[in-house]
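Here the protein sequences line up with chains X and L, keeping their order.
For the first sequence, our numbering assigns the number 977 to the initial residue and increments by one for each residue that follows.
For the second sequence, our numbering assigns the number 969 to the initial residue and increments by one for each residue that follows.
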Amino acid sequence: MFGSNSSFVMYDEEFKRINIVIEKLLREANAKVIFLVDKNGQLISSVGETEHLDTTSLASLTAGNIAATGGLAKLLGEKEFSILFHEGEKDNLHISIIASRVILVVIFDNRSSLGLVRLRVKKASDELGTIFEDLAKKSEEIQKDDNYQSPFAEITDDDIDNLFN
Amino acid sequence: MSFINYASREINCKIVYYGPGLCGKTTNLQYVYQKTAPDAKGKMISLATETERTLFFDFLPLALGEIRGFKTRFHLYTVPGQVFYDASRKLILKGVDGVVFVADSQEERLDANIESLENLKINLEEQGYQLEKLPFIMQYNKRDLPNVSSVDEMRTLLNPSGVPEFEACATTGEGVFETLKAVAKQILVDLKKGGAG
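Quick look at the structure:
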């Protein structure tokens, strides 16, 4: 699922499991918003006060931030810097990498604290790590199956052309 | 690497505009942004220097509509073209699904085009990709300027394998959507093939 040439696939079941974990984290960490992004900048899920947030842009910039930080880590001989923290006047950002695969972003204000967020994130990270491992296995099994057909196997040239009209 | 989300019925793909400094990658995205209906686009983000040179990347999310019940979203990125930003360019290529090479048609930029195309190949290989296997479109930009190389000459040097190519003038928008459409189409065709394998 995270190979360079295959697709990253998310199924209903895992999506629900992920949302349960991040919703619990949102409550327990007293956070405002939580979102999960893959390392290429695609938003996987978000919970909390997201109505006034441009989550797509946030996802892309977060991934860029993590990629740049990862570049810095390599230059210093580190595998990665797994936690980033940005402190603002009102809101703060806690960004962490889960199982070297996905990025967890927690936005919180003075109703919470860095210590609490770190503590809760650590626990949630383990749970999320397991889910993403399950997802990787499931994806691999489904794609190995001889009867597997991608939902796009039957799209026609007309379908594609219609997108642009 | 496209992201297929069965839960939200979405498919997300990443397109990267590559090319030498000042070839018009950002201008391509700006034109797409200006001409796209508000409900089909997100905010365009440009991480640029004070002199409007791309520092890290530009980003433009586009929603094209539905295909077989899946919302198709394309994330358009540009790389910083200047030679010394190579480390940043590599990062942006991660997870790419399709590449547009924007070539600067001005005669004096011919060498810069060749160098940038070589750099693209090397950086893709570092990420485990081969340019020949990726959806790839060549755009000859700035055709409106007086001192341009002939398309034949550019083709010989930059597009010997004959991938789809377009003449363009990104400031007026000529060729911009044709290029985008061609790369998006190739990506979707690739997904279709992926399903057969």
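A virtual CB, placed ideally from N, CA and C, is assigned to each residue, including glycine.
Under the 10 Å beta carbon count, X/ASN1138 is surrounded by fewer than 16 other beta carbons and is classified as exposed. The beta carbons of X/SER983 and L/SER970 sit about 5 Å from each other, so the pair counts as a contact at 8 Å.
Neighbourhood of L/ALA1055 in chain X, by CB distance below 7 Å: GLY1047, in chain order. By the neighbour-count criterion, in which 16 or more other beta carbons inside 10 Å mark a residue as buried, X/ASP1014 falls on the buried side.
Chain L has a Cβ within less than 9 Å of the Cβ of X/ASN1138. For X/ASN1016, the chain L residues whose C-beta falls within less than 7 Å of its own C-beta are MET969, LYS982, LYS1062, GLY1063, listed in chain order. When the beta-carbon positions are compared, L/PHE1145 and L/MET1106 stay at least 9 Å from each other.
Closer than 9 Å to the CB of X/PHE1108 there is not a single CB belonging to chain L.
Under the three-state reduction of DSSP output, L/ASP1026 falls in the strand class.
Out of X/LYS1000, X/ASN1016, X/GLY1017, the CA that lies nearest to the CA of X/ILE1010 is found in X/LYS1000. Going by DSSP, X/LYS1113 is part of the alpha helix (DSSP H) stretching over 1090-1120. Taking 9 Å as the CB threshold, X/ILE996 stays off the interface with chain L. In this structure, the straight-line span from the alpha carbon of L/THR1022 to that of L/TYR1045 is close to 11 Å. With a cutoff of 9 Å on beta-carbon distance, L/ASP1112 and L/THR1147 are scored as not near each other. When the alpha-carbon of L/LYS1058 is set against those of X/LEU1048, X/PRO1127, X/LEU1092, the nearest one is in X/LEU1048.
CA-CA distance, L/LEU1088 to X/ALA1005, rounds to 43 Å. A direct Cα-Cα distance of roughly 5 Å separates L/GLY1066 from L/ILE983.
A direct Cα-Cα distance of roughly 13 Å separates X/PHE1140 from L/GLN1154. CA-to-CA, the gap between X/LEU1104 and L/VAL1000 works out to about 37 Å. In this structure, X/ASP1133 lies away from L/ARG1036, with their beta-carbon atoms at least 9 Å apart. For the region 1010-1027 of chain L, the set of positions with a beta-carbon nearer than 8 Å to some beta-carbon of chain X reads GLY1010, LYS1011, ILE1013, LEU1015, PHE1024, PHE1025, PHE1027 in chain order.
Within the region 1013-1066 of chain X, the runs of alpha helix (DSSP H) at least 4 residues long that lie entirely inside it are, in chain order, 1031-1051.
When the five nearest sequence neighbours on each side are left out, the beta carbons in the same chain lying within less than 8 Å of the beta carbon of X/GLY1040 are those of GLY1017, in order along the chain.
Excluding five sequence positions before and after L/VAL1119, the CB atoms of its chain that fall closer than 7 Å to its own CB belong to TYR1108, GLU1135, given in chain order. Counting every other CB atom within 10 Å of its CB across the protein chains shown gives X/HIS1070 a total of 16 or more, marking it as buried. DSSP places L/PHE1145 in the uninterrupted alpha helix (DSSP H) bounded by 1144-1164. For X/ILE1071, the uninterrupted beta strand (DSSP E) run begins and ends at 1068-1074, by DSSP. Taking a 10 Å sphere around the C-beta of L/THR1124, we find fewer than 16 other C-beta atoms and assign the residue as exposed. Using a C-beta cut-off of 8 Å, the region 1014-1030 of chain L makes no contact with the region 1122-1130 of chain X, since fewer than three inter-stretch Cβ pairs fall below that distance.
Burial of X/ILE1079 is indicated by the presence of at least 16 other C-beta atoms within 10 angstroms of its C-beta. Taking 9 Å as the CB threshold, X/THR1032 lines the interface with chain L.
Near chain L, meaning a CB-to-CB distance below 7 Å, the residues of the region 1101-1130 of chain X are GLN1125, SER1126, PRO1127, PHE1128, ALA1129. For L/ASN1109, the enclosing beta strand (DSSP E) covers residues 1104-1109.
Linking L/THR1019 to X/TYR987 through their CA atoms gives a straight-line distance of about 44 Å. For L/TYR974, the nearest beta carbon of chain X is closer than 9 Å to its own beta carbon.
In the three-state scheme derived from DSSP, where H, G and I count as helix and E and B as strand, L/LYS993 is classed as helix.
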